[in-house]
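Down below is the structure, laid out as structure tokens.
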Ligand SMILES: Nc1ncnc2c1ncn2[C@@H]1O[C@H](COP(=O)(O)OP(=O)(O)OP(=O)(O)O)[C@@H](O)[C@H]1O
Ligand SMILES: [Mg+2]
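Chains as they are written, first to last, in my numbering: chain A, 28 to 319; chain B, 726 to 1084.
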């Protein structure tokens, strides 16, 4: 065995015949492989502390001071902090996940990913996983510091449901991100402008900083389509029980179910889109940017 | 690797399919204003274990052919198979046994180190965590990047980056490796390193196949068992480098260096029977202010040389050097394509058989 001879296979035919176990393992490894640069690259660029923690912390603080000045119920301060923490994931999905495949294409990675013996879904899962780890650090810091500083009092009864809702929110969010990634790849630059256009309105209807129930029909629509809106609504209800005003509209159990449905829909849609996209790109010659 | 042991195909079994088999391949890009025909009726068969070269000028369709064979692009017409697997329908199988590296490739993530980036790719090719690291370390040494193993990818030079890319292409020990101008932009030493590595890797296991595209004649000549010369999406000729060169050698070309030649001497030689042409030869890399006179002689056959030597004696010229000049791939290319690599405009101006302003 030399450096030139690593995998010993009898023939190309034997090498191409993979067992289901091999297929599964390869895809799992691909998830880990793609998550790696995210997780390990995180602490290499020092600027992330500023962008990822300080800025969101400041914008959260602004709302805290506004609510204090308005003498809003104390729970509202808690909403703002919770919303501030969850923004980390939303920004990660809309800015990084969504544009990722487009960016990979311009880097020349996309065609290598397609030419590799794993599903592109695994690459997207890897990105999502890496993105979650990355954003979690930011979310935790914002949550911890802001809670201490602004004396947020959480009142939690159903811990398990709260945790479940949190993870379901992440699943639905990143499912959406995976779907957007394919869309962005097709639409290119216009998609960036779209996402820029939608960032603020989505913040608004997601009720990052106030209960979405206050928005009436618009709020209901947000609950039905935006994972962040449903997730936050449920988490608010679960983290601040006993408030003397109505916090959320549907009960958190129902919202958890909505999140499950969203996750499934987004993932199936992402998979379908990737397949369609690959077929179309192979037909039209658009998997790679031409540079040579 | 957990590759299941499969019984060795018996020698009496069905014959092994070709490594590459293309039939009537055509590829059109629907671009405005007029569609581009990048490949036009390409038939090609490459046997397992061959080192096959595609030689052609810009826009010949080399990359297009590689993209089709690597399952990244569908043919508009025709079929292609890699070790028997159809590129349009069995891409999953093909992707398990191939890899590809392109010159100037900027793949990966600048924030990672060389080792980390290679490991990441090893995970896409299905190596286990520990196998991946081991394989990466072996290959990093093999491509001579031991010193840069912990260096950030974003800080690599072109040559270092390309060596890393080659290492990536070998991570999964593919049965077929596609190299699209792999030495593009590399200096002589780095290019040689890349060529040696690929050759050694290929030689290690019987049946490993390489398809290489290149602009460099010498590279194709040195590496390839067989070469296809392509232009405007068509294969103009296929053969071993020797076969191709023999095609253009219809006459014997000799180059003589003389201490001097009187005026009219060349004309006298040209009149000898069997001498097809006499032309002054350009400086042969020697000092410009040389004291000798160089001539290129085209003879109907080698035997005519004797009478030329006799005639030169009569003219009072002494032969300083004499050698038979072998045609190069360059000559083959110029003859087939009708132009050299570096002067695409000349093709329009003079058409086939035009000036040979070769690179
Ligand atoms: N994705 C694409 N969309 C439209 N036209 C394309 C595309 N890719 C290639 N072409 C066209 O197809 C023709 C062949 O291109 P190709 O890249 O295959 O040539 P090549 O032989 O690799 O050239 P080079 O030596 O410059 O790399 C060119 O005319 C090119 O403009
Ligand atoms: Mg090319």
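Yeah, the Cβ is synthetic: ideal placement off N, Cα and C, and Gly gets one too.
Just checking residue i against ligand 3 - is the residue's beta carbon closer than 6 Å to any of the ligand's heavy atoms?
i	result
residue 785 of chain B	Ligands in the displayed structure: ligand 1 and ligand 2; ligand 3 is not one of them.
Please classify residue i: does DSSP put it in a helix, a strand, or coil?
i	result
residue 746 of chain B	strand
residue 764 of chain B	strand
residue 1058 of chain B	helix
residue 197 of chain A	helix
residue 755 of chain B	coil
residue 168 of chain A	helix
residue 1048 of chain B	strand
residue 178 of chain A	coil
residue 37 of chain A	coil
residue 778 of chain B	strand
residue 284 of chain A	helix
residue 314 of chain A	coil
residue 1034 of chain B	helix
residue 727 of chain B	Legend: pLDDT at residue 727 of chain B = 42, less than 50; position of this residue unreliable, value from coordinates given subsequently. It is coil, neither helix nor strand.
residue 276 of chain A	coil
residue 192 of chain A	helix
residue 935 of chain B	strand
residue 187 of chain A	helix
residue 771 of chain B	strand
residue 304 of chain A	helix
Alpha carbons only, please: which of the options is nearest the one belonging to residue i?
i	options	result
residue 245 of chain A	A:154, A:276 and A:219	A:276
residue 1120 of chain B	A:228, A:312, A:63 and A:57	Absent from the structure is residue 1120 of chain B, since the part of chain B shown begins at 726 and ends at 1084.
residue 976 of chain B	B:1003, B:1026 and B:1004	B:1026
residue 844 of chain B	A:260, A:61 and A:250	A:61
residue 44 of chain A	B:820, B:799 and B:860	B:820
residue 160 of chain A	A:136, A:119, A:139 and A:182	A:119
residue 1030 of chain B	B:999, B:1040 and B:1039	B:999
residue 179 of chain A	A:50, A:268, A:252 and A:102	A:102
If we call anything under 7 Å between Cβ atoms a contact, is residue i one with residue j?
i	j	result
residue 1062 of chain B	residue 970 of chain B	no
residue 770 of chain B	residue 751 of chain B	no
residue 783 of chain B	residue 826 of chain B	no
residue 222 of chain A	residue 104 of chain A	no
residue 961 of chain B	residue 954 of chain B	yes
residue 982 of chain B	residue 1045 of chain B	yes
residue 257 of chain A	residue 227 of chain A	no
residue 204 of chain A	residue 124 of chain A	yes
residue 129 of chain A	residue 211 of chain A	yes
residue 996 of chain B	residue 1023 of chain B	no
residue 753 of chain B	residue 767 of chain B	no
residue 1021 of chain B	residue 1004 of chain B	yes
residue 174 of chain A	residue 115 of chain A	no
residue 169 of chain A	residue 215 of chain A	no
residue 938 of chain B	residue 792 of chain B	no
residue 806 of chain B	residue 875 of chain B	no
residue 1054 of chain B	residue 905 of chain B	no
residue 294 of chain A	residue 117 of chain A	no
residue 816 of chain B	residue 796 of chain B	yes
Residues in its own chain within less than 6 Å of residue i by CB, not counting five upstream and five downstream?
i	result
residue 79 of chain A	165
residue 1019 of chain B	982 and 1006
residue 936 of chain B	777 and 903
residue 155 of chain A	201
residue 883 of chain B	910
residue 810 of chain B	818 and 819
With a CB to CB cut of under 7 Å and the five nearest residues on each side skipped, what residues in its chain are close to residue i?
i	result
residue 919 of chain B	887, 888, 891, 907, 908 and 911
residue 279 of chain A	188, 192, 261, 264 and 265
residue 308 of chain A	314
residue 57 of chain A	145, 149, 150 and 153
residue 209 of chain A	128, 297, 300, 301 and 304
residue 107 of chain A	87, 90, 91, 94 and 236
Which residues in the same chain as residue i place their Cβ atom closer than 8 Å to its Cβ, once the five residues preceding and following it in sequence are excluded?
i	result
residue 1050 of chain B	978, 979, 980 and 1021
residue 871 of chain B	865
residue 1048 of chain B	979 and 980
residue 728 of chain B	Unreliable placement is indicated for residue 728 of chain B, whose pLDDT of 42 sits below 50; the coordinate value is still reported in the next sentence. Here the set comprises nothing.
residue 250 of chain A	239, 256, 257, 260, 276, 277, 282 and 285
> Which whole runs of the alpha helix (DSSP H) in the segment 786 to 829 of chain B are 4 residues long or more, in chain order?
Replying inline: 787 to 794 and 816 to 822
>> Report the start-end ranges of each alpha helix (DSSP H) in the segment 971 to 1029 of chain B that is 4 residues or longer and not cut off at the edges.
In response: 990 to 995
> Of all the alpha helix (DSSP H) runs that stay within the bounds of the segment 47 to 96 of chain A, which reach a length of 4 or more residues?
Replying inline: With a minimum length of 4 residues, the continuous alpha helix (DSSP H) runs that stay inside the segment 47 to 96 of chain A are 47 to 68 and 82 to 96.
>> Give the list of continuous alpha helix (DSSP H) stretches no shorter than 4 residues that lie fully inside the segment 826 to 910 of chain B.
In response: 839 to 849, 854 to 867 and 883 to 895
>> At 3 residues or longer, what runs of the beta strand (DSSP E) sit wholly inside the segment 98 to 154 of chain A?
In response: none
>> Please give the ranges of any alpha helix (DSSP H) in the segment 938 to 973 of chain B, keeping only runs that are unbroken, at least 4 residues long and fully inside the region.
In response: Within the segment 938 to 973 of chain B, the complete alpha helix (DSSP H) segments at least 4 residues long are 942 to 948 and 966 to 973, listed from N- to C-terminus.
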